[in-house]
Amino acid sequence: MSEVYPEPEKFDPERWITQEPTNFEYNPFSAGSRTCIGAAFAMMEIKLVLAILLQRYRLQLIPRLKVDGVGLIVMAPKQGMPVVVYPQDRNFAQGVGGVRGNVREMVELPK
Ligand code: HEM
0 MSEVYPEPEK FDPERWITQE PTNFEYNPFS AGSRTCIGAA FAMMEIKLVL AILLQRYRLQ
60 LIPRLKVDGV GLIVMAPKQG MPVVVYPQDR NFAQGVGGVR GNVREMVELP K
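Residue numbering for the sequence shown follows numbering that gives the first Met the number 0, beginning at 0 and increasing consecutively.
In structure tokens, the structure reads:
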């Protein structure tokens, strides 16, 4: 998918600040005649939920957590994604560098 954006395997959430992909380029909701009719609602809902939650709390991955992915069309972490919930103190120093597991074969995370 490097025609759509560079380094597609890389964990780079900031790419979405400037990208405006079509449903065929970014397609959790599928595309074409069977596209999800709830997509606009779901996007609005997740933005509101995240904005409200993340103003109040900081979610920190368990250090050195092993994350194995499962699924082909809809991927998810096999054992969930346990986090520790802190009040939002903006202490983001840990990052995602310590994560282990086959998620590293799916996405290029920092070392
Ligand atoms: C993050 C949330 C959601 C995701 C990732 C998602 C994903 C999808 C996907 C991939 C399809 C296409 C399935 C196919 O190819 O047959 C689909 C279809 C559909 N979705 Fe969603 N969906 C979400 C939320 C919602 C919500 C909130 C609603 C309703 C309020 C909804 C209603 C539907 C309906 C009715 C279809 C069938 C459309 C059709 O076949 O004509 N979805 N969804």
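Beta carbons are placed, not taken as given, at the ideal position from N, Cα and C, and that holds for glycine. None of the values given here were measured: they were computed from a predicted structure.
Using a C-beta cut-off of 8 Å, the region 79-93 makes contact with the region 56-65, since at least three inter-stretch Cβ pairs fall below that distance. Look at the region 11-98 and you find these whole runs of alpha helix (DSSP H), each 4 residues long or longer: 14-17, 38-55. The C-alpha of L64 is placed about 30 Å away from the C-alpha of M43.
By the neighbour-count criterion, in which 16 or more other beta carbons inside 10 Å mark a residue as buried, V66 falls on the buried side. Taking the Cα positions, P62 is about 43 Å away from S32. E107 is bridged by DSSP to K9.
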